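Visitor:
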Amino acid sequence: MDFTSDSKLGSQHSAEPSASTTASVTGLDAEQERVLELQDRRDELLERRRTLREEVERLEGEQQGIGIGRDTVFRRTALLDLAELVPESNPKLPSVLTLDGSTEVEEELRYKHDCLPLLNMDLRLKYLKEMYPHVSLSMQDSRTLVAEFHRMAQDPFQLQLKLSGGEVTLSENVRWVLGPLKTMQNPTAVLQGCYEFDRLRCRREMLFQEISTFAGSKGISSHTSGSLLSLERGALNLQFRFEIDIQEKFLFPHTRLESRLLKNSIPVSTPDVQSVLEGLMQEYGVLPGIVELCKACFT
């Protein structure tokens, strides 16, 4: 009997074990095999994550090192640039610097960091002279301003003003009427008040001259004494009083024009000349209204 073929078949069967045979050898089923594979994969991923984190930390450290180096180089370059701006032989400035009205404008501007007016007195006087024509301004000393008001050449007056405390000294001819300005203690207000008073005083003088000129053309004599203008013809006497007053705590002076009519030195009550004058001035203006009153009284 030939047993060759049988032996070959037997060997083939033994070399190809079934799945059930393998599972029986290892003792695991398919589900357990899958779990083991996933655990191995997880371990591999965890190890890879740890490696990547170490690599990231290493790169961040290198980047920080490069950044510090660049910042240091930048600071050194900036300091060198600043050093080039400073002259090698820079004069030592005083630790305490005093600026006053005698300081040059260029010197004051070097150290000025505010919006307050400049202290230089020459520059201040220049602008004051532009603002106040018909006034001669000068400095008696570093703190005393002298103002001469000469708009009325025949009757000028002078003001001496202490810039620090506001102390006021006035000429004799205006000391009484401008006395309330002494209470202001404000150099600017005092100067402005004196300037406005001088302007109104000149306006009064011009008004009286124009009225006198008209009166002369009508044969009416006129006489002026300070704030009083008197017109006379025959028994009639028409008087105008132009007062300029300054009240305490008020910056600008105010004016008051009053009139009265006398006949043989006795005041005439009817008609009320003052009411008539106010109505005429409201209708025609100051000078034309006065002219109309003169015509009505002396015609």
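Reminder that position 23 of the sequence shown reads as 29 in this note's numbering, one-by-one numbering, no gaps. Where is the CB? At the ideal position from N, CA and C, for every residue including glycine. Just so you know, these numbers come straight off a predicted model, no measurement behind them.
(1) Taking the beta strand (DSSP E) that R149 falls in, what are its first and last residues?
(2) When you compare each of L267, A302 and V297 to F220 by their alpha carbons, which one comes out closest?
(3) Taking the alpha helix (DSSP H) that E202 belongs to, which residues open and close that run?
(4) Is DSSP giving P273 helix, strand or coil here?
(5) Would L169 pass as a contact of L143 if the rule is Cβ separation under 8 Å?
(6) Got a sec? Which residues, its chain only, sit under 7 Å from R207 by beta carbon, not counting five neighbours each side?
(7) Which residues mark the beginning and the end of the beta strand (DSSP E) in which H168 is found?
(8) Rounded to the nearest angstrom, what separates F214 and T230 at their Cα positions?
(9) Please list the terminal residues of the continuous alpha helix (DSSP H) segment that includes S281.
(10) Could you compute how far the alpha carbon of M127 sits from the alpha carbon of F155?
(11) Assuming the contact rule is C-beta atoms closer than 8 Å, E254 and P193 should be a hit. Round their C-beta distance to whole Å, please.
(12) How big is the Cα-Cα spacing for L293 and R205?
(13) Which of the three DSSP states is assigned to Q245 in this structure?
(14) Write down the C-beta distance between V332 and V180 rounded to the nearest angstrom, noting that I regard them as a contact closer than 8 Å.
(15) Assign F258 to buried or exposed, taking buried as 16 or more other Cβ atoms, counted over all protein chains shown, within 10 Å of its Cβ.
(16) Who are the Cβ neighbours of S30 in its own chain at under 8 Å, not counting the five residues just before and after it?
(17) Determine the direct distance from the alpha carbon of R262 to that of R247, and round the result to whole angstroms.
(18) Just the C-alpha distance for G222 and T276, rounded to the nearest angstrom, thanks.
(19) Give the straight-line distance between the Cα atoms of Y133 and S281, rounded to the nearest whole angstrom.
(20) On the criterion of 16 or more Cβ atoms from any shown chain inside 10 Å, does S265 qualify as buried, or is it exposed?
(21) So the beta strand (DSSP E) R130 belongs to, where does it begin and stop?
(22) What is the DSSP secondary structure of L184, reduced to helix, strand or coil?
Guide: So, from the listed chains and residues:
(1) Position 143 of the sequence shown, counting from 1, holds the residue named residue 149. Unbroken run through R149: none, as it is neither H nor E.
(2) For the purposes of this step, residue 220 is taken as residue 214 along the sequence shown, with counting starting at 1. Taking only the C-alpha atoms, the option nearest F220 is V297.
(3) Here the question's residue 202 lines up with position 196 in the sequence shown. That run of the alpha helix (DSSP H) goes P193 to S223.
(4) Taking the first residue of the sequence shown as position 1, residue 273 is located at position 267. If DSSP states are grouped into helix, strand and coil, P273 belongs with the strands.
(5) The residue you call residue 169 lines up with position 163 of the sequence shown. The residue you call residue 143 lines up with position 137 of the sequence shown. Cβ distance not < 8 Å, so L169 and L143 don't count as in contact.
(6) What you label residue 207 is simply residue 201 of the sequence shown in a count that begins at 1. These residues qualify, in order along the chain: M158 and I250.
(7) Here residue 168 refers to the residue found at position 162 of the sequence shown. In the sequence as presented, His is not what sits at residue 168; that position holds Lys. Note, K168: beta strand (DSSP E), F163 to K168.
(8) Indexing the sequence shown from 1 puts residue 214 at position 208. Indexing the sequence shown from 1 puts residue 230 at position 224. Each residue's alpha carbon lies about 8 Å from the other.
(9) Position 275 of the sequence shown, counted from the start, is the residue given in the question as residue 281. Note, S281: alpha helix (DSSP H), V279 to Y290.
(10) Position 121 of the sequence shown, counting from 1, holds the residue named residue 127. Position 149 of the sequence shown, counting from 1, holds the residue named residue 155. The alpha-carbon atoms of M127 and F155 are separated by roughly 20 Å.
(11) Against the sequence shown, residue 254 aligns to sequence position 248. Against the sequence shown, residue 193 aligns to sequence position 187. E254 to P193, Cβ: 17 Å. No contact.
(12) Translated into positions along the sequence shown, residue 293 becomes position 287. Translated into positions along the sequence shown, residue 205 becomes position 199. Going from the Cα of L293 to the Cα of R205 covers about 17 Å.
(13) Working through the sequence shown from its first residue, we reach residue 245 at position 239. Strand at Q245.
(14) Here the chain covers residues 7 to 305 and nothing more, so residue 332 does not appear.
(15) Along the sequence shown, one-based indexing puts residue 258 at 252. Classification of F258: exposed, given that the 10 Å Cβ count is below 16.
(16) Counting from 1 along the sequence shown, the entry for residue 30 is found at position 24. Unreliable placement is indicated for S30, whose pLDDT of 46 sits below 50; no coordinate value is reported for it.
(17) Counting from one through the sequence shown, the residue named residue 247 turns up at place 241. Counting from one through the sequence shown, the residue named residue 262 turns up at place 256. Rounded to whole angstroms, R247 to R262 spans 8 Å at the Cα level.
(18) Working through the sequence shown from its first residue, we reach residue 222 at position 216. Working through the sequence shown from its first residue, we reach residue 276 at position 270. Near 26 Å, if we compare the C-alpha coordinates of T276 and G222.
(19) As a working mapping, residue 133 is identified with position 127 in the sequence shown. As a working mapping, residue 281 is identified with position 275 in the sequence shown. Spanning the two alpha carbons is a distance of roughly 45 Å.
(20) Stepping through the sequence shown from its first residue, residue 265 is reached at position 259. With 16 or more Cβ atoms within 10 Å of its Cβ, S265 is classed as buried.
(21) Taking the first residue of the sequence shown as 1, we reach residue 130 at position 124. Premise fails: R130 lies in the alpha helix (DSSP H), M127 to M137, not in any beta strand (DSSP E).
(22) If you number the sequence shown from 1, residue 184 lands on position 178. Here L184 sits in coil by DSSP.
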